[in-house]
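Notes for the one structure printed next.
Residue numbers (the working numbering), protein chains in the order written: chain A, 103 to 325; chain B, 137 to 641.
Dropping the structure here:
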């Protein structure tokens, strides 16, 4: 058993590692690199959940951590790797995103700053895990949102959505210390089904448009 | 207020209500014959309607039902939702036979897709029914997210470019929106857990528990959380400016599904919003959430008014009209007096009925004319007399002409706006309603009475497409003259649930 200061240090270090992993998603271009980056991030997230379980002593969180590892770090990347392998389009990387990768990093850094600032304003009493991880979960949410709006390829948008989901998940675990297991399982099931549906959509897109660039998806409008 | 009433009849009813669509979905998967899957779906949705009516009577008697140790909780508000879901669901399953049958004959869908359609249809009903019966707000969220996933599957049934675009936008925007709502729910849960020392995490997210503890919540946290909820569920409920996915998704779906999406699913999301509106009203008074609801309602009306004026596509016009009506419901709740809330809940039912009539008839019309463009669709009353007449009634009802049902609820809404002294808001509502009246009316008259462009064979599209419309038109007429007594009591009870939240604080 560690003493209290060591525990807090551990929490801080793991939070920083999680943030670095998230930046890893921001700077990736190729589809398989992107998915690898997402997988690393999720494995670290599972580790963070296990750490919180250790610090707070809530055994349910170990199960949640194992579920995260199983569903989000193994099954979901596997599904998406399969999809990228089968895609018709020869170009499997983010060619020229709306915001260049260099500026993306700067914007993401600003988003992290903003998250820390927002978290300070919140009337949530500071228990150690909350004060460490609340800003991180906000950062994940905002960076995921930023990835969705700044990228041109549908696959990058899915990874953005999954990053949002990871942030939400971290937030839920930290604030509630694990609400009932049924809800966690339901959440995971929703995410899994969502990923499968978006994979089918990716296939359809590459079949009908010969690419998964979302510039093809601008015909429905009122003018 | 929240007496635990355990009666085996109700618990059996709720369980069978939820199991019926699941079983029917399984049967569809097993049998795969066109005739059989159609009949199974019709029978199951009819059973759902009957069970819904039985539940309604017992809710009228007991006011609230808690069963299975608080997993399911039903009150008058849930009953209104259940009754709209089951009514529109049943009629939509009737209409599907004709509509999807035609698509099948025209080789737009094959057998495999037809099976997928009916599987999706049943699962869609299941997920929507799960929303109003679950007591745990986390499970309610999961059910609403599941409705997104199932309806995306139904929209991408056609492999057209436009349906791929619509489903992608819908999936992305609705999922991001709903994740904001979950942030809000967790904030509320946190506020609950801070207050309650004898807190257990299983019931901490229950509506009954939260509503009871609400007056002790931290006010700042509640405000913050409610904004998340409003943006999140507002996205799914089609409130502007988060409505951008709605016209695409609703216009690209098969018509029976458009009816369910517009008439019922929007209400399900709004139901989630309402539950938190009540909690927040109990905690910090109703003024905060009321103001926000009015603002979003007015913005929705304004955006719908301009979009309907410039609209060229029939189904998109109907979709924007849904944005308008969600705006009306939201503003009407926001006016915060009994009359307005009563009008809003009445409007939920009225809008569901009229909008499904319009989507059914416009589905038949676009199948006959083979276009969705307003300009190319003219003289419906000459080419398809009965459907044209139904479309006319629906159109007149939706723009609020007396003696149809929507006139009543719109009137209640406006008078509540003035008597609660929201003069600016009411004036804006009148302005936008007038614009919508004029532009929708212009499109409607052109479509119904204009001269048919080319020689078309005269005739409607079969009895099974007419039957659901006839039922809906008679409901519109009856509800326009008077609201049946049991329904009146139900809506009054539900309005009190929403209103008491404000008064108690």
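Every residue, glycine too, gets a C-beta built ideally from N, C-alpha and C.
Item to check | Cβ separation of residue 208(B) and residue 144(B), assumed to be a contact under 8 Å, to the nearest whole Å | outcome: As a working mapping, residue 208(B) is identified with position 72 in the second chain. As a working mapping, residue 144(B) is identified with position 8 in the second chain. In this structure residue 208(B) is not in contact with residue 144(B), their Cβ atoms being roughly 13 Å apart against a cut-off of 8 Å.
Checklist entry - Which word fits residue 413(B), buried or exposed, when buried means at least 16 other C-beta atoms lie within 10 angstroms of its C-beta? => result Here residue 413(B) refers to the residue found at position 277 of the second chain. The residue in question, residue 413(B), is buried, as its Cβ has 16 or more Cβ neighbours within 10 Å.
Item to check | Contacts that residue 302(B) makes with chain A (C-beta to C-beta distance below 8 Å) | outcome: Taking the first residue of the second chain as 1, we reach residue 302(B) at position 166. Simply 322.
Checklist entry - residue 237(A) versus chain B: which residues are under 7 Å apart at the beta carbon? => result Along the first chain, one-based indexing puts residue 237(A) at 135. Neighbours of residue 237(A) on chain B: none; closest Cβ ~14 Å, over 7 Å.
Checklist entry - Name the chain B residues that come within less than 8 Å of residue 292(A), Cβ to Cβ? => result Here residue 292(A) refers to the residue found at position 190 when the first chain is read from its first residue. Going along chain B in sequence order, the residues near residue 292(A) (Cβ under 8 Å) are 278, 281, 282, 285.
Checklist entry - Considering only residues of the same chain and omitting the five flanking positions on each side of residue 389(B), which have a CB-CB separation below 7 Å? => result In the second chain, residue 389(B) corresponds to position 253, counting from 1. For residue 389(B), where only same-chain residues beyond five positions count, the Cβ hits under 7 Å are 290, 291, 397.
Checklist entry - Leaving out the 5 sequence neighbours to the left and right, which residues in its chain are closer than 8 Å to residue 238(B) when beta-carbon positions are compared? => result Here residue 238(B) is taken as the residue at index 102 of the second chain, counted from 1. So the qualifying residues of the chain are 503, 597.
Checklist entry - Would DSSP call residue 315(A) helix, strand or coil? => result Taking the first residue of the first chain as 1, we reach residue 315(A) at position 213. In this structure, residue 315(A) counts as strand in the three-state DSSP scheme.
Checklist entry - Can you name the residues of chain A whose CB is closer than 9 Å to the CB of residue 357(B)? => result Start at 1 with the first residue of the second chain, and residue 357(B) comes out as number 221. Chain A residues near residue 357(B): 224, 225, 226.
Checklist entry - Going by alpha carbons, who is nearest to residue 127(A) out of 248(A), 315(A), 291(A)? => result On the first chain, residue 127(A) is found 25 positions in, with the first residue counted as 1. The option with the nearest alpha carbon to residue 127(A) is 248(A).
Item to check | Within chain B, the residues that residue 244(A) reaches when beta carbons sit closer than 9 Å | outcome: The sequence position of residue 244(A) within the first chain is 142, counting from 1. Within chain B, no residue comes near residue 244(A); the closest Cβ sits about 12 Å away, beyond 9 Å.
Checklist entry - Going by the CB atoms, is the gap between residue 194(A) and residue 244(A) shorter than 8 Å? => result Taking the first residue of the first chain as position 1, residue 244(A) is located at position 142. Taking the first residue of the first chain as position 1, residue 194(A) is located at position 92. Here residue 244(A) is not near residue 194(A), since their CB atoms are 8 Å or more apart.
Next on the checklist: Here's the rule I'm using: 16 or more other beta-carbon atoms within 10 Å means buried, otherwise exposed. How should residue 625(B) be labelled?
Outcome noted: Taking the first residue of the second chain as 1, we reach residue 625(B) at position 489. The residue is exposed, with fewer than 16 neighbouring Cβ atoms inside 10 Å.
Next on the checklist: Am I right that residue 252(A) and residue 200(A) are in contact with their C-beta atoms under 8 Å? What's the rounded C-beta distance?
Outcome noted: As a working note, residue 252(A) is residue 150 in the first chain. As a working note, residue 200(A) is residue 98 in the first chain. Right, their Cβ atoms sit about 5 Å apart.
Next on the checklist: Can you check which of these residues, 232(A), 237(A), 129(A), is closest to residue 215(A) by C-alpha distance?
Outcome noted: Reading the first chain from its first residue, position 113 is the one you call residue 215(A). That would be 237(A), whose Cα lies nearest to the Cα of residue 215(A).
Checklist entry - Quick one: what's got a C-beta closer than 7 Å to residue 592(B)'s C-beta in the same chain, skipping five residues either side? => result For the purposes of this step, residue 592(B) is taken as residue 456 along the second chain, with counting starting at 1. 519, listed in sequence order.
Item to check | Simplified DSSP state of residue 255(A), which is helix, strand or coil | outcome: Position 153 of the first chain holds residue 255(A). Here residue 255(A) sits in strand by DSSP.
Item to check | Classification of residue 223(A) by the beta-carbon crowding that lies within 10 angstroms, buried from 16 upward | outcome: Stepping through the first chain from its first residue, residue 223(A) is reached at position 121. When all chains shown are included, residue 223(A) counts as exposed.
Checklist entry - In terms of residues, what are the limits of the beta strand (DSSP E) holding residue 208(B)? => result Working through the second chain from its first residue, we reach residue 208(B) at position 72. Unbroken beta strand (DSSP E) run through residue 208(B): 208-211.
Item to check | Cβ-based contacts, 9 Å cut-off: residues of the region 181-212 of chain A near chain B | outcome: none
Next on the checklist: Quick check on the burial criterion: 16 or more other C-beta atoms within 10 angstroms. Buried or exposed for residue 221(A)?
Outcome noted: As a first step, residue 221(A) is located in the first chain; it is residue number 119 there, counting from the start. Its Cβ being crowded by 16 or more others within 10 Å, residue 221(A) is buried.
Next on the checklist: Nearest by alpha-carbon distance to residue 393(B): which of 344(B), 636(B), 259(B) is it?
Outcome noted: If you number the second chain from 1, residue 393(B) lands on position 257. If we check each option's Cα against that of residue 393(B), 259(B) comes out closest.
Checklist entry - Nearest chain A C-beta to residue 322(B) closer than 8 Å, yes or no? => result Numbered from 1 along the second chain, position 186 holds the residue referred to as residue 322(B). Yes, residue 322(B) lies at the interface with chain A (some Cβ there is under 8 Å from its Cβ).
Item to check | Cβ separation of residue 431(B) and residue 471(B), assumed to be a contact under 8 Å, to the nearest whole Å | outcome: Position 295 of the second chain, counted from the first residue, corresponds to residue 431(B). Position 335 of the second chain, counted from the first residue, corresponds to residue 471(B). About 12 Å separates the two Cβ atoms, so there is no contact after all.
Checklist entry - Whole-angstrom Cβ separation of residue 589(B) and residue 512(B), contact assumed at under 8 Å? => result Working through the second chain from its first residue, we reach residue 589(B) at position 453. Working through the second chain from its first residue, we reach residue 512(B) at position 376. 7 Å between Cβ atoms; contact.
Next on the checklist: Closest to residue 256(A) by C-alpha separation, out of 287(A), 131(A), 164(A), 205(A), would be which residue?
Outcome noted: Along the first chain, read from residue 1 onward, the residue named residue 256(A) stands at position 154. If we check each option's Cα against that of residue 256(A), 131(A) comes out closest.
Checklist entry - In chain order, what residues of the region 247-270 of chain A put their CB closer than 8 Å to some CB of chain B? => result So the list reads 247, 250, 256, 259, 263, 266, 267, 270, given in the order they occur along the chain.
Item to check | Whether residue 395(B) touches residue 267(B) by CB criterion (8 Å) | outcome: On the second chain, position 259 is the one that residue 395(B) refers to. On the second chain, position 131 is the one that residue 267(B) refers to. No, the Cβ-Cβ distance between residue 395(B) and residue 267(B) is not below 8 Å.
Checklist entry - Which whole-angstrom value is the C-beta distance of residue 441(B) and residue 571(B), which I expect to be below 8 Å? => result If you number the second chain from 1, residue 441(B) lands on position 305. If you number the second chain from 1, residue 571(B) lands on position 435. That belief holds up - the Cβ atoms of residue 441(B) and residue 571(B) are roughly 4 Å apart, short of 8 Å.
Checklist entry - Grouping DSSP H, G and I as helix and E and B as strand, with all else coil, what is residue 631(B)? => result Residue 631(B) sits at position 495 when you count from the first residue of the second chain. Here residue 631(B) sits in helix by DSSP.
Next on the checklist: Among the candidates 365(B), 577(B), 285(B), 164(B), whose CA atom is the shortest distance from the CA of residue 247(B)?
Outcome noted: By 1-based counting over the second chain, the position of residue 247(B) is 111. If we check each option's Cα against that of residue 247(B), 164(B) comes out closest.
Checklist entry - Taking only beta-carbon atoms, is residue 119(A) less than 8 Å away from chain B? => result In the first chain, counting from the first residue as 1, residue 119(A) sits at position 17. No, its Cβ sits nowhere closer than 8 Å to a Cβ of chain B.
Next on the checklist: Taking the alpha helix (DSSP H) that residue 200(B) belongs to, which residues open and close that run?
Outcome noted: Here residue 200(B) is taken as the residue at index 64 of the second chain, counted from 1. From DSSP, residue 200(B) is part of no alpha helix (DSSP H) but of the beta strand (DSSP E) over 200-203.
Item to check | Chain-order list of residues whose beta-carbon lies under 7 Å from that of residue 276(B) (same chain, five-residue window excluded) | outcome: Counting from one through the second chain, the residue named residue 276(B) turns up at place 140. Once the five neighbours on either side are set aside, the close Cβ partners of residue 276(B) are 267, 270, 408.
Item to check | Residues bridged to residue 509(B) (per DSSP) | outcome: The residue you call residue 509(B) lines up with position 373 of the second chain. DSSP lists 449(B) as partners of residue 509(B).
Item to check | residue 388(B): first and last residue of the uninterrupted alpha helix (DSSP H) it sits in | outcome: Locating residue 388(B) in the second chain gives position 252, counting from the first residue. Segment 382-388, the alpha helix (DSSP H) holding residue 388(B).
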